[in-house]
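In the working numbering, the protein residues as written are 5 to 316. Glycine residues also receive a C-beta, built at the ideal position from the N, C-alpha and C atoms. See below for the structure under consideration.
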């Protein structure tokens, strides 16, 4: 079952009513109302925009809308409750059944928590399939972001990997934690878990990665695809070699890896500088990747992928 930490849906403006104009920002042109907008950041992020001019209602919200059930994330079993929570705020009235039937998803963060410490999971950044096409950057203090280097949203893929309990410790989440019935229970559920979060920002990417024909909310929620695993396999090269090296060639390659600080991206840069442009860098790097796999504890990497295969 797919789970989400953020959804942005779009539907008809007729599926919202009783808008509290004391709470919503009203944008007008002359006497004509163009749109109403509501935005809050705490205890959960919520943006509602009713565009009268375009006959479009957009609603974007995060998993914290579930409060104490936040570790379950947004999914097919609790989506109705998310909209009912908005109605309970009494700032507007949403036609929940109409939204469930007609809404389309235009952005989403597919999310999965795995029971492994972050410092073990982040080893995977050394196993990128192609450093020209994929890169890794820091996420906050300890996490990493693995993303391809595509320049257009149509092809962009971004996978954030971080410690959720540390993220909840940020000042911006104090109000969310304060309002929980059992703060400690929630933190205990997330302890020692690493979060994988795939940001999907176009409808075409949603259809492709979720393997669905349309972007209707129900199609998205009930997709049986595993988009995080799909992107993981595109970005990460799983090395199956486990035999220790015992020859001179491997020893010389080990010296190169050690000289580059056990950083395969630096190794690739070094090899590129010493190799003719007509030579396949992928072929030249393969022995280094295999050796690096033997030098590292490959069990952690394999267990990460195994955990991503699991579905609740």
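A residue is called buried once 16 or more other Cβ atoms fall within 10 Å of its Cβ, and residue 313, having fewer, is exposed.
For residue 189, the secondary structure class from DSSP, reduced to helix, strand or coil, is helix.
Classified as exposed, residue 26 has fewer than 16 neighbouring CB atoms from the shown chains inside 10 Å of its CB. Residue 21 and residue 99 have their C-alpha atoms roughly 8 Å apart. In the displayed model, residue 136 falls within coil according to three-state DSSP, outside both helix and strand. Between the stretch 132 to 149 and the stretch 257 to 275, the count of C-beta pairs closer than 8 Å reaches three or more; the two stretches touch. Between residue 184 and residue 72, the gap from beta carbon to beta carbon is short of 8 Å. Per DSSP, residue 86 is one residue of the alpha helix (DSSP H) stretching across 83 to 92. Residue range 100 to 106 is occupied by the alpha helix (DSSP H) that includes residue 106, with no beta strand (DSSP E) assigned at that position. In terms of Cβ geometry, residue 75 and residue 193 form a close pair [threshold 8 Å].
By the criterion of a C-beta distance shorter than 7 Å, residue 44 is surrounded in its chain by 50, once the five residues flanking it on both sides are discounted.
In this structure, residue 114 places its C-beta atom within 8 Å of the C-beta atom of residue 204.
Ranked by Cα distance from residue 231, the first of 137, 141 and 163 is 163.
In this structure, DSSP gives residue 199 an extended state, which the three-state scheme calls strand.
Below 8 Å, enough C-beta pairs join the stretch 280 to 293 and the stretch 254 to 267 to call them touching: three or more. Residue 148 sits away from residue 200, with the two beta carbons spaced by 8 Å or more. Note on residue 24: under 16 other CB atoms within 10 angstroms of its CB, so exposed under the neighbour-count rule. Using a Cβ distance threshold of 8 Å, residue 57 and residue 38 count as a contacting pair. For residue 225, the secondary structure class from DSSP, reduced to helix, strand or coil, is helix. By the criterion of a C-beta distance shorter than 8 Å, residue 91 is surrounded in its chain by 97, 98 and 100, once the five residues flanking it on both sides are discounted.
Residue 28 sits in coil when the DSSP states are folded into three classes, being neither helix nor strand.
Between residue 298 and the set 42, 261, 308 and 125, the nearest pair of CA atoms involves 261.
Sorting 18, 123 and 33 by C-alpha distance to the C-alpha of residue 61 places 18 at the top. Annotation: the continuous beta strand (DSSP E) that includes residue 9 extends over 8 to 15. Nearest neighbour of residue 258 by Cα position, chosen from 143, 59, 296 and 14, turns out to be 296.
Rounded to the nearest angstrom, the Cβ distance from residue 153 to residue 142 is 17 Å, too far for a contact under 8 Å. Residue environment: residue 174 is assigned as exposed (fewer than 16 neighbouring CB atoms within 10 Å of its CB, all protein chains considered).
Residues of the same chain with a CB within less than 7 Å of the CB of residue 59, apart from the 5 flanking positions on each side, are 16 and 17 in chain order.
Runs of alpha helix (DSSP H) with 4 or more residues, each lying fully within the stretch 115 to 161, are found at 122 to 125, listed in chain order. Going by C-alpha positions, residue 69 is about 28 Å away from residue 151.
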